[in-house]
Structure formats: C-alpha cells, structure tokens
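In the working numbering, the protein residues as written are 1 to 160.
For each residue, glycine too, the CB sits at the ideal point set by N, CA and C.
To start, the structure itself, in structure tokens.
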Amino acid sequence: MNTQEKYARSQIVLHWLVAVLIAANYMLGDFMGEAFERIIDTGAVVEIGAGANAHRAIGVTVMLLVLVRLVLRWRLGAPAASTAGPAILQTAAKLGHAALYLLMLAVPITGAVAFNGQIEALGEVHEMLTSLLLLLVLGHAVMAIYHQVVLKDGVMARMR
Ligand code: HEM
Ligand code: HEM
C-alpha cells in the first residue's frame, strides 16, 4: 500500500520535462517528414537539416527519459489512486497511464527504426502512433483538469 502524498521530485521533473520535449517534437515533425521523404525518394541518407536532427535527438532523449521514469516508478511507486468520482475512473486512469508509457516508447522506437532502416511503412505507423498519443495526452489533460475543477481531490498537486 502506498501512503505517499506526492510523486517524488525526480518523477515530477521528468513528467514535465518529457511533456515539453514531446510537444517540441510535434512541432518539429514536419521537418523530419520532409527529410524522410527525400531519403526514401533518393534511397540514400541525404544531409538532414537542423529541424530533422533535433526531432531525432529529442525523440531518442524522450525514449531514454521514459525508461528512467519506468525504473523510478518501479522503485518509488506512486501515490494511492484517488477514490473521488466513479470507481471506473481509477481503472481508466490506470489503463490510460499504462498506454501513455507504452506510446511514449513505441513512438520514438518506430520513428528511429523507420528512419535508420529507411522503412516507409513504419514511418506511417510512427505517424499513426503520434496521433494516438496526442489523443491520449488530450484526454489525460482533460481528466487532470476534471480532477482539479470538479472532483477537487488534489490529484493535480501530486504532480506539482
Ligand atoms: C505529453 C504530455 C504528457 C504525458 C505523456 C503525460 C504522462 C503521464 C503519465 C504516464 C502519468 C502517470 C505517472 C505514473 O503514475 O507513473 C502522468 C501523471 C499525471 N499527469 Fe501527465 N502527462 C502529460 C501531460 C500532462 C498535462 C498537460 C497535465 C495537466 C494538465 C498532466 C497532469 C498529470 C497529473 C496530475 C498526473 C498524476 C496523476 C495521478 O496522480 O494519478 N499531465 N502523466
Ligand atoms: C517523442 C518522440 C516523437 C514524437 C512525439 C514524434 C512525432 C512525430 C510527428 C508528429 C511526425 C509527423 C510529421 C508530419 O506529419 O509531417 C513525425 C514524423 C517522423 N518522425 Fe517522429 N516523433 C518522435 C520521435 C522520433 C524519433 C526518435 C525518430 C527517429 C530517430 C523519428 C523519426 C520520424 C520520421 C522518419 C518521421 C517521418 C515519417 C513519415 O513521413 O512517414 N521520430 N514524428
């Protein structure tokens, strides 16, 4: 049973750092999309610009930081789930958080393998997964606000 009130400072810092890095990579996605198209068209690894390079570096950083997060989660745990609101919310949060972790790994992995192996179809899978991640993140943020504004159960404060 977990009795802590908040996530550990390291978990909080990583949560927001990774969120910012992921947001940056959505903005840099187009640069990588164009670079990747040129690579596929010419069949060779052409010079890629700063935007595409940043997309690659940030994406790999996200993947590594998420692995660190998972280790921290396993070692330090998390505050006990809030019991405010219908019980189904607890299950949804559990599944949603697991899916977020899974996608935060699957997105950069598919991107990296598509890029390095010049695999066009995997590039499309990467893009599909980024849409899915975006949807989940939006739902996640909406639920965080719902906890803050409607349930008022202090869930937001655990990640601050
Ligand atoms: C790219 C953006 C984001 C990703 C990938 C993300 C991912 C996650 C994950 C995986 C967890 C579960 C942590 C754990 O138990 O190990 C979590 C918790 C949390 N996130 Fe986010 N998050 C993002 C953005 C946000 C935003 C924008 C907000 C607020 C509006 C937010 C608020 C929270 C809160 C309050 C928790 C704690 C939930 C709890 O105690 O059960 N997150 N986030
Ligand atoms: C957090 C991690 C990542 C996020 C959120 C992300 C997000 C995105 C987005 C939104 C696009 C679509 C751009 C568009 O529609 O034009 C994209 C494309 C792409 N990304 Fe990423 N990416 C991540 C990691 C990576 C990594 C690590 C690599 C490679 C090392 C990579 C390689 C690519 C490639 C090759 C494309 C073009 C795919 C295609 O056109 O079929 N991405 N990424």
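Asked: Give the DSSP-derived three-state secondary structure of E124 in the structure shown.; Found: helix
Asked: Drop a sphere of 10 angstroms on the beta-carbon of M170, count the other beta-carbons inside from all chains shown, and report buried for 16 or more, exposed for fewer.; Found: Past the edges of the chain, shown from 1 to 160, lies residue 170, and the structure says nothing about it.
Asked: Is any heavy atom in ligand 1 found nearer than 6 Å to the beta carbon of V137?; Found: yes
Asked: My output table needs one value for R69: the three-state DSSP class, helix, strand or coil.; Found: helix
Asked: Kindly indicate which residue of P79, A112, A144 has the alpha-carbon position closest to the one of A57.; Found: A112
Asked: Only counting runs of 4 or more residues, tell me where the alpha helix (DSSP H) segments fall wholly within the segment 52-117, in order along the chain.; Found: 88-117
Asked: Express the C-alpha separation of G49 and E37 in angstroms, rounding to a whole number.; Found: 13 Å
Asked: Consult DSSP for G33 and reduce its assignment to one of helix, strand or coil.; Found: helix
Asked: If you draw a straight line from the C-alpha of M32 to the C-alpha of H55, how long is it?; Found: 7 Å
Asked: By the three-class DSSP mapping on this structure, what secondary structure does V149 have?; Found: helix
Asked: For a quick check, are the C-beta atoms of L151 and A84 less than 7 Å apart?; Found: yes
Asked: Going by beta carbon distance, what residues of the same chain come within less than 8 Å of P79, once the five residues before and after it are set aside?; Found: N2, Q4, E5, K6, Y7, R158
Asked: Is DSSP giving M1 helix, strand or coil here?; Found: Reliability of the predicted coordinates at M1 is poor, the pLDDT of 37 falling under 50, and no value is obtained from them.
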